[in-house]
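Those sequence lines, one after another, are chains A and B.
With the numbering used here as the guide, the letters of the first sequence map in order to residues -7 to 332.
With the numbering used here as the guide, the letters of the second sequence map in order to residues 433 to 749.
Just so it is clear, CB atoms sit at the ideal spot from N, CA and C, and this is done for glycine as well.
Please read all numbers here as calculations on a predicted model, not as lab measurements.
Below is one structure, written out as C-alpha cells; the observations come after it.
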Amino acid sequence: MSEEIIEHGEKERLIRGFGAMVLARTLDNKIMTAQRQGRVGFFTPTSGQEAAQIGLSMHLRKEDIIYQYYRDMPMMLHMGVPVDIIINQIYGNSSDIAKGRQMPSHLLARNYNFMSVPSPVATNLPLAVGTAYANRYLKKQGIVVASFGDGSSSTPDFHAAMNLAAVYNLPVIFFCENNGLAISLPTEKQTKVEIWKKAEAYGMPGILVNGSDMIDTYEKTREMVEYVREGKGPVLIEARCPRMGPHSTSDDPTKYLTDIVKEGSDRDPLVITQKRLIEMGIITEQVATKMREDSQNFITSRFDELEKVPPPSPETLFDDVYDEHTWIIDEERGDIIGRN
Amino acid sequence: MVQSLNRTLDMKMAEDSSIILLGEDIGKDGGVFRVTEGLQAKYGEERVLDTPLVELGIVGMAIGMSINGLKPIPEIQFQDFIFTAFDQIVNQMAKMRYRSGGTITVPLVLRTPYGGGIRGGLYHSQSGESYFVHTAGLKVVTPSNPYDAKGLLSSSLDSKDPVIFLEPKRLYRSGKMEVPDADIKVPLGKAKLLHEGDSVSIITYGSMVPTVMKTVTENSLDADVLDLRTLSPLDRDAIISSARKTGRVVIVHEAPRTLGMGAEISALISESSIEYLYAPILRVTGPDVPFPYRLEDLYLPNTSRILRAVNRVLEFR
Ligand SMILES: Cc1ncc(C[n+]2csc(CCOP(=O)(O)OP(=O)(O)O)c2C)c(N)n1
C-alpha cells in the first residue's frame, strides 16, 4: 500500500499533509498557552485529531464544501486557510471575518469553502445535506463534507441528515471524529453500536479508520471519497483519534480521564505519522525537526503580531443582523452608542 | 388565499429555476391544504420534494440549499410541528449572517399554516408568532387576504434574509377577491390601514382581521383598523401615527396574551406616545391556556369581546 503511494508520485502530498499536522499542533499548543496567560478567552484543543482530519482532506479539492466542527483547525490549515484568518478569529479582533462575534474555535472561511461553525453540535449536518442537494441540482462540481464528534451521533440532527442524504442519494461525506469522549462521557456510554456500523441502517457504506495515523486514514478513505465523487451517494467514515487534552480550556479532564495520550508518546498521531514517513523514506528526522522549528517561529511571530489588532468597533454589534438595519436596531444602537 | 398562494408559487417557479419547494406531502398530494397542488406535476420531483417526515431536516436542508445558491421554500405542515426545527431556525437560520460577518446568508421563505378555527385541537391550532418575532435575524410575515398573500409572498422571495411566512389557515378558503395575474409586491414592514376613524385604533393581523372588520362595520365604529401584515419588523410609523391620532388603542390577536404581539405593540406605543393617550391600551387575545378542541369558539377572540374592549377605552376617563 505505502509503496503504491510513492509510485503515484504522492510524496509531495504526504509531506504537505504532515507539514499541516505540525503547523496545527504548534498553533494548538500556542493557543492553549496563550489562554492560560489570559491572552485568549477560550479554546477547544484539536490535538490528537490532526491525522484523521488531514488523512481525509488529502483527498479533497478546492471546490469541495466543508461543514466542519469546532475541532477542525488542522483540516482548515491543510486546505490552505491562512494562519492569520484563524488567529484573528481566536482573538475575535477587528480583522476576524466574523467580527469577534463568536467564541474562539468557531472558525469560518467562506472563500476557502469552510462554512461557519455553530455551537449546537450536529446542527451543521442537515445543512450539508441541503448544500449537497444544491450542488447536484445546479450541476456544480464538488462534494460536501460534514464533520462531528462521537457524542454528536446521538442527536436528532445526525439521524435526520444521514437519512435525508441517503434518501436523496447525495454527495456527502459524514466524517465522525471519534475522540473517545463527549466532554466527560465515553463513547461506549453514548451509543450501543459502533458509529460506523450505523451507516448500514441508513443505506450507505460506512468504514472505520485509525485516525491516529495520517497515512492509514488517507489510504482507507480513498475509495469512500471516490464513491461519493462518482455520485453513488453518501458515506460515513468513523476515525478513531483519542483526545489528547481537555474538552476545552474550561474543562478539567483529570476528573474523568485516566488514560490520556501524552504529547510525544508513541500514541501521539504526530509521532506515529512521522515514524511512518521516515520509514518510507519520505522525510528524515532532520526535516521533521526543521518543520517544527519553522512552524514555531512562524506561529509565534503571527500570534504576537495579530495580538495588536484592535477589537471590533462598537457599531459592528448592530451590523449583519439583516441585510439592512431595521428601525429597531437603529433605535437600540442610538441608545447604546449614540447616533451617527 | 390557497389559490392565490398556489398561483404565486407557480408564477415564481416558472420565472426562477432556483426556487425549490420541500415539505411533507406537498408533491403528489399537493399539500394537506392544497397550497402546492399541481406544482410537482408541472416542475418535477427535483423541484418539489416530498420529504421524509422530519421537520428539522426540512428546515436544515433548506438552509443548506440557500447557502449554496438555491431559493428554497420549505413548508412545515402545521406550525404546531415546527418545534423540532426550532433549533435550526433560531440557531442556524437566524444567526448565519451575523455569525459569518455577512459572508454567508440564508435567503429563504419558510411557509407554515398557523392558528385555529378548523377544530384542530391542541396541535393543529397554535399561534406561535412570538417565538419567531423574538428572534433577531428573522422576518415574520402574515397575510390576511388573497391579495396580500400574493404580494407578501412575492416580496418575501425578494428578501435577502429568511422570512417566516405564517398563513392563517382559517382564512385559506374565505375572503374571495380579485387578485391580478401580474406580479404584485406588498412591501415587508408596512402595515395597511383598512378602515379610517378618529375615535379608536384597532391593531390586528392575520386571522383576526375579518373579525375586527366585522365588528367595526356592524357597529359603525369610528375606528382606525390597522392590519400589520409584517410582525417583524413592525411598522412603527403606522402604529404610532394612528395611536397618536385617536389616543385610544385596542390590540387584537388570537395568540395567548402573555408576551404576545400585543405586549410589544403596547410597550412601543407607551414608550413613544404616552402623552397622546386618553385611555389604557387594551388587548383582546386568546387566553393563556393550551388551544382547546371542543371549546375552540370560546378560545378565539370574537366580535363581542372586541366590542367590549373598544367600549372600555372609549368610555375611559
Ligand atoms: C446541542 C448541544 N448540546 C450540548 C452542547 C454542549 N457541548 C459542547 S461540546 C459537547 C460534547 C460534544 O462531544 P462530541 O460530539 O463527541 O465532540 P468532541 O467535543 O468530543 O469533539 C457538549 C455536550 C452543545 N454544544 N450542543
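Item	Value
Asn523 of chain B versus Gln27 of chain A - alpha carbon distance	27 Å
Tyr475 of chain B CB to nearest heavy atom of ligand 1 below 8 Å	no
When A:Ile199, A:Pro303 and A:Ile264 are compared against Lys189 of chain A, the one with the closest alpha-carbon	A:Ile199
Val121 of chain A at chain B interface by Cβ criterion, 9 Å	yes
With 16 other Cβ atoms within 10 Å as the buried cut-off, status of Gly533 of chain B	buried
Contiguous alpha helix (DSSP H) assignments of at least 4 residues, all confined to the segment 75 to 148 of chain A	75 to 83 and 116 to 129
Nearest-angstrom Cα separation, counted from Ile738 of chain B out to Asn105 of chain A	55 Å
His70 of chain A in three-state terms, based on DSSP	helix
heavy atom of ligand 1 below 8 Å from Val113 of chain A C-beta	yes
Secondary structure, alpha helix (DSSP H): runs of 4+ residues fully inside the segment 179 to 248 of chain A	179 to 182, 190 to 194 and 206 to 221
Between the CA atoms of Met206 of chain A and Ile264 of chain A - distance to the nearest angstrom	8 Å
DSSP three-state assignment for Tyr546 of chain B, whether helix, strand or coil	strand
Delimiting residues of the beta strand (DSSP E) encompassing Pro504 of chain B	Lys503 to Glu507
Alpha helix (DSSP H) segment containing Ser664 of chain B, residue limits	Counting along the chain, Ser664 of chain B falls outside any alpha helix (DSSP H), though it belongs to the beta strand (DSSP E) covering Thr662 to Ser664.
Unbroken alpha helix (DSSP H) run spanning Tyr725 of chain B, endpoints	Looking at the DSSP string, Tyr725 of chain B is not in any alpha helix (DSSP H), and its letter there is neither H nor E.
Neighbouring residues, chain B, relative to Ala153 of chain A (Cβ below 8 Å)	Gly489 and Gly492
Cα-Cα separation between Ala687 of chain B and Gly638 of chain B, rounded to whole angstroms	11 Å
Closest Cα partner of Val486 of chain B within the set B:Lys474, B:Arg479, B:Pro712 and B:Phe518	B:Phe518
Cβ of Leu117 of chain A within 9 Å of any chain B Cβ	yes
Lys608 of chain B burial status per 10 Å Cβ neighbour count (16 or more: buried)	exposed
Contact set for Ile46 of chain A: own chain, Cβ-Cβ below 7 Å, skip 5 residues either direction	Gly9, Ala12, Met13, Pro66, Met67, His70 and Met206
Inter-residue Cα distance where the pair is Leu751 of chain B and Asp296 of chain A	The displayed coordinates of chain B run from 433 to 749. Any statement about residue 751 of chain B would go beyond what the structure contains.
Which listed residue (A:Pro178, A:Ala191 and A:Ile175) has its alpha carbon closest to that of Ala158 of chain A	A:Ala191
Closer than 8 Å: Phe513 of chain B CB and nearest ligand 1 heavy atom	no
Status (buried if at least 16 other CB within 10 Å, exposed otherwise) for Glu628 of chain B	exposed
In chain order, each alpha helix (DSSP H) run of at least 4 residues that lies wholly inside the segment 577 to 606 of chain B	578 to 590
Interface flag, Ser108 of chain A vs chain B, CB-CB below 9 Å	yes
Integer-rounded CB distance, given that Ser139 of chain A should sit under 8 Å from Glu169 of chain A	6 Å
Straight-line gap, Ser578 of chain B to Phe513 of chain B (C-alpha atoms, nearest Å)	The sequence given here has Pro at residue 578 of chain B, not Ser. C-alpha separation (whole angstroms): 25 Å.
Check: Tyr59 of chain A C-beta below 8 Å from any heavy atom of ligand 1	no
CB contact check: Leu666 of chain B to chain A, cutoff 9 Å	yes
Chain B contact residues for Asp315 of chain A, given Cβ-Cβ distances below 7 Å	Lys592 and Asp593
Gly569 of chain B beta carbon less than 9 Å from that of Ser557 of chain B	no
Interface partners of Ala90 of chain A on chain B, CB under 7 Å	Arg531, Ser532 and Gly533
Ile165 of chain A beta carbon less than 9 Å from that of Val121 of chain A	no
Pair within 9 Å by beta-carbon distance, Leu430 of chain B and Ala695 of chain B	Absent from the model: residue 430 of chain B. The displayed extent of chain B is 433 to 749, so no value can be given.
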